[in-house]
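For the sequence shown, the residue numbers in the working numbering are 12 to 763.
Note that beta-carbon positions come from the ideal geometry of N, C-alpha and C, so glycine has one too.
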Amino acid sequence: MKIRGVFPDLLATLGRASSPEAGFARALRQLVTLCGATAGGLHFVPGRGAPLLITGGTRHGSALDGWLRARIGEAAGRRMRLRPVDAPPPGWRGRPPVLLRAALGEHAAPLGQFLLLGGREPGGLRADRIPSGFPRELGLAMEQIWRLHQRTLRLEVINEVTALMATTLPLERIYQRVAEAVGRLIRFDALGLTLLDRERREVRVLDVAARTTLSEVYDLRTPLGDTLTEWVADHRATRRVDDVSDPTVPPVGRELLSRRGFRSAILAPLFSEGEVIGTLNAKRLEPRAFTDGDVEILMDVAHPLASAIEHSRLHAEIVQRAEELAALNRTGQLITARLDLGSLLETISRSVTSLVGSTGCGIGLLNADRTAIDHVAAHGFQAAEWRTLSMPVGEGIIGSAAASGKAIRLDDLHADPRAARREVDEKEGIRSMLTVPLQAAGEIIGVISAFSTTPGFFTARHQTLLESFADQAGIAIQNARFFEESQRRARETQALYEAGRAVNQSLEVGETIRLILNQAREVLGVQSCGLFSLDAATGELALAASLDLEPATARIRVRVGEGITGLAVKERRPVQSSDLDHDPRHHVRYRQLPAGSGLRSMLAAPLVVGDEAIGALTVLRGDVHHFTADEESLVSAFADQAAMALEHARLFSSVRGYSEQLEAMVAARTRELDEQKRFVEVVLETLPLGLFVLDGELRVVSANREGTGLLPFAAGERILFPDLVPPAKAGGVRAFLESVLTARAVRQMEDE
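Set out below in structure tokens:
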């Protein structure tokens with residue numbers, strides 16, 4: 012019996028299945044049963060798609076299943092044929108086997124074949140049970156079902172990719188989903204993306220999925236020029252490469268494909284807001300492996316993929332921006348809470364590394380005369396040079412940013428001619444750098460430099476973020492400077508007050524000078540202080556006091572006008588040397604410091620009294636240092652206090668000497684008067700005359716022996732002299748004595 016009447020049922024079976032493969036398998040099982048066969052196989056080749064090989068009537072993996080799969084690929088004739096089997100399948104029992112084989116679809120372009128295995132007649136497999144046109148109709152029906160399925164699958168894939176626009180998946184996960192979806196429609200050995208960076212004229216080449224072992228997995232950046240991506244971006248069209256040997260393939264694009272053995276490829280443009288942002292790429296190891304249908308499919312997928320990429324990128328940027336603003340706020344609070352400049356700078360350098368993800372960060376501030384950028388903090392550096400780096404304004408990347416007041420972003424430091432200290436960069440492995448000016452009150456005060464060992468690490472987003480951070484950092488640094496300046500001024504004022512009080516209250520010059528030197532060392536942060544006094548007789552300066560200089564220094568004599576100290580005394584102004592080891596004024600002949608002292612910089616201020624310099628106050632540091640005008644003023648103030656102390660000591664010494672001289676003169680005069688008094692007393696006592704000593708009121712103070720005999724009165728009684736004479740003569744005596752006192756002249760009076 013022929014199966015013409017059941018053919019519609021077979022077609023219905025093909026259409027009702029969940030997938031073409033399931034429908035083909037069910038139709039094959041029905042065909043095996045209707046034709047009286049034992050088992051069968053179906054080989055269907057959908058265009059350039061992957062062939063389908065299906066067996067029925069046997070268990071998968073069995074000997075019979077393997078036997079059928081081995082023969083399904085043999086060539087089929089133009090007509091359906093039934094032939095005996097020379098080598099039966101393993102374990103075959105029953106009548107001798109026969110094999111029926113027929114091509115599917117049109118003879119000119121067969122879509123595959125089917126074969127049936129069964130026993131010979133009677134009751135076995137017979138060719139006349141199958142109409143002659145059945146294989147053709149079955150093949151066309153299968154092709155129709157397959158195409159319908161592909162169209163449905165294509166819509167499903169596009170819908171899946173479009174749905175990714177509404178998700179918040181990371182880009183890596185989106186790429187994986189797209190690869191899985193495209194893999195259901197197109198055969199590829201590798202699927203990837205290229206993403207354009209128009210600002211840098213670069214393209215990022217990224218592998219998403221591979222169905223073969225690749226010699227190299229790409230996630231790299233390369234210049235845009237002479238790439239297939241550049242061709243797609245310029246022509247705004249899909250590019251299919253049937254063979255990389257095609258001379259029209261750009262050389263860089265050919266090299267990127269052939270390096271891993273790819274012979275054919277499709278690049279579909281990814282459009283966003285009318286601009287090509289990249290390409291979706293499918294690649295095969297065989298030449299001419301893609302069809303026009305594959306190109307259409309990849310183009311259909313590329314459109315929603317581009318939107319999904321942009322949506323994910325925008326979402327990631329929003330989330331990232333929110334995180335950056337939060338981090339910027341936290342960092343801003345952290346740095347504005349600190350007023351100690353040293354710890355603030357260290358916090359800023361660490362915060363930059365955390366904020367932008369750089370390998371390290373350095374902070375440079377303009378020096379006092381605004382001619383150079385001196386590094387004051389560094390984080391993430393290995394070499395010591397960066398921590399002490401000083402760059403003239405206008406030179407190198409850092410100096411250029413300070414001079415222009417604009418940020419500089421470098422993708423490859425090796426290729427930029429402005430890089431000045433390449434040996435330092437090489438030690439650190441620095442490849443990319445972002446340098447942003449620090450400003451306060453509209454004035455450049457320094458720069459922040461973030462660096463990375465990865466080329467092209469910094470983006471415009473990093474630059475915007477660091478510029479925002481630098482605005483806060485500049486204000487914080489300036490506030491810390493103001494606070495530090497106020498603290499320094501307070502310490503200086505207190506130190507000068509203590510020195511002045513010591514000068515005014517203490518007469519011990521050694522103690523006063525030591526206090527002044529201690530205050531100067533503490534406030535200025537220097538390693539040593541000393542005081543030199545001038546010997547007017549020899550015209551030489553000698554060390555009079557020191558906190559910590561070696562005893563040998565006390566023997567040093569410096570002539571006025573020689574060396575740093577001698578010049579300060581001669582010119583009566585502060586004189587400094589920022590580097591004693593290379594200062595010709597600090598000659599060996601009048602070197603004030605012994606070799607190996609470790610002191611490198613020096614400032615000397617004269618001790619001036621009136622118009623004369625009487626010595627000098629010196630401060631010394633262990634590093635190369637240029638003393639600022641404020642430091643010079645402060646040392647001069649301490650020098651004035653020291654000069655005042657020395658002058659007070661000199662005046663006190665002079666007064667004390669004069670006082671001692673007066674005391675000696677008074678003592679000598681007193682001794683002389685005592686001797687004269689004793690002489691007078693001896694003479695008076697031996698005179699044969701009465702002698703009375705009267706005070707201004709004419710009372711008797713004392714009298715000799717003759718006097719008390721003539722005019723007796725009680726000893727110790729201060730009686731008026733006129734009362735000792737007779738009353739008749741008392742008035743005349745009184746008048747006489749009063750006239751003597753008034754005239755202050757010697758007079759005499761006689762009366763009996």
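Beta-carbon contacts of residue i that lie in its chain and below 8 angstroms, excluding the five residues immediately before and after
{"i": "R82", "result": "G52, L110, L126"}
{"i": "I730", "result": "R710, V711, F724"}
{"i": "V704", "result": "V711, V712, S713, A714"}
{"i": "A293", "result": "V193, I197, F199, A201, L202, A276, I277, F301, D305, L309"}
{"i": "R758", "result": "F747, S750, V751"}
{"i": "L702", "result": "L695, A714, N715, E717, G718"}
{"i": "P466", "result": "R232, D422, D423, R442, S443"}
Assumed close pair residue i, residue j - CB separation to whole angstroms, cut-off 8 angstroms
{"i": "Y229", "j": "D218", "result": "5 angstroms"}
{"i": "T549", "j": "A627", "result": "In fact, because the Cβ distance is near 16 angstroms, the residues do not count as touching under 8 angstroms."}
{"i": "T290", "j": "A279", "result": "6 angstroms"}
{"i": "A114", "j": "G67", "result": "About 18 angstroms separates the two Cβ atoms, so there is no contact after all."}
Identity of the residue in the options nearest residue i by Cα
{"i": "V586", "options": "R420, L618, F747", "result": "L618"}
{"i": "R765", "options": "S275, S612, L542, E210", "result": "A question about residue 765 goes unanswered here, because the residues of the chain that appear run from 12 up to 763."}
{"i": "A461", "options": "L449, R472, L445, I455", "result": "L445"}
{"i": "S275", "options": "Q124, I329, T382, A201", "result": "A201"}
{"i": "H386", "options": "L721, I486, L400", "result": "L400"}
{"i": "R265", "options": "E241, F282, G285, D245", "result": "E241"}
{"i": "A120", "options": "G102, G135, G144, R89", "result": "R89"}
{"i": "T839", "options": "A451, G391, E683, L542", "result": "Since the first and last residues shown for the chain are 12 and 763, residue 839 lies out of range."}
{"i": "L377", "options": "G405, E321, I320", "result": "G405"}
{"i": "Q352", "options": "E167, D482, Q498", "result": "For clarity, residue 352 is Leu in the given sequence; the question names Gln instead. Here the closest residue by C-alpha is Q498."}
{"i": "A491", "options": "A471, A451, R472", "result": "A451"}
{"i": "R716", "options": "D706, D734, V693, G707", "result": "V693"}
{"i": "D245", "options": "P258, L268, T223, R212", "result": "R212"}
{"i": "R222", "options": "R195, L231, L356", "result": "R195"}
{"i": "P99", "options": "D76, D734, R92, Q124", "result": "D76"}
{"i": "E623", "options": "R184, R583, E643", "result": "R583"}
{"i": "V214", "options": "N529, D253, V263", "result": "V263"}
{"i": "F145", "options": "N170, P448, A38, E335", "result": "A38"}
Endpoints, beta strand (DSSP E) assigned at residue i
{"i": "V252", "result": "250–252"}
{"i": "L542", "result": "539–546"}
{"i": "S588", "result": "586–588"}
{"i": "G289", "result": "286–295"}
{"i": "I185", "result": "Taken as a continuous stretch (DSSP letters only), I185 belongs to no beta strand (DSSP E), being part of the alpha helix (DSSP H) at 182–193."}
{"i": "H390", "result": "383–390"}
{"i": "A38", "result": "Taken as a continuous stretch (DSSP letters only), A38 belongs to no beta strand (DSSP E), being part of the alpha helix (DSSP H) at 31–45."}
{"i": "A74", "result": "Run containing A74: none in the beta strand (DSSP E); it sits in the alpha helix (DSSP H), 74–82."}
{"i": "E406", "result": "Per DSSP, E406 belongs to no beta strand (DSSP E) and is neither H nor E."}
{"i": "P108", "result": "108–115"}
Endpoints, alpha helix (DSSP H) assigned at residue i
{"i": "N170", "result": "145–174"}
{"i": "Q124", "result": "Per DSSP, Q124 belongs to no alpha helix (DSSP H); it is in the beta strand (DSSP E), 123–130."}
{"i": "K417", "result": "Neither: K417 is in no alpha helix (DSSP H) and is coded neither H nor E."}
{"i": "F703", "result": "Looking at the DSSP string, F703 is not in any alpha helix (DSSP H); the run it does join, the beta strand (DSSP E), is 703–705."}
{"i": "A741", "result": "738–754"}
{"i": "E241", "result": "239–246"}
For residue i: DSSP bridge partner residues
{"i": "D230", "result": "L217"}
{"i": "T66", "result": "G52"}
{"i": "E623", "result": "V620"}
{"i": "M613", "result": "S588, L631"}
{"i": "G203", "result": "D218, N292"}
{"i": "G371", "result": "F462"}
{"i": "D208", "result": "E213"}
Residues near residue i in its chain [Cβ-Cβ closer than 6 angstroms; skip 5 each side]
{"i": "G440", "result": "T464"}
{"i": "F469", "result": "R420, S443, L445"}
{"i": "C372", "result": "S360, V363, T364, H390, A461"}
{"i": "G220", "result": "Note that residue 220 corresponds to Ala in the displayed sequence, not to Gly. If we look at A220 and ignore the five residues flanking it on each side, its Cβ neighbours are A190, L202."}
{"i": "Y601", "result": "Caution applies to Y601, whose pLDDT of 46 falls short of 50 and renders its modelled position unreliable; the model cannot decide the point."}
{"i": "S557", "result": "G541"}
{"i": "R632", "result": "V537, Q538, S612"}
{"i": "A650", "result": "A616, L618, L628"}
7 angstroms CB neighbourhood of residue i in its chain, flanking five on each side removed
{"i": "R247", "result": "P280, V287"}
{"i": "A579", "result": "P585, V586, A615, A616, P617, A627"}
{"i": "V250", "result": "The residue asked about is misnamed: residue 250 is Arg in this sequence, not Val. Here the set comprises L239, W242, V243, L278."}
{"i": "L700", "result": "E717"}
{"i": "R271", "result": "L225, S226, E227"}
Closer than 7 angstroms: residue i CB and nearest the ligand NAP heavy atom
{"i": "L628", "result": "The ligand NAP is not among the ligands present in this structure, which contains no ligands whatsoever."}
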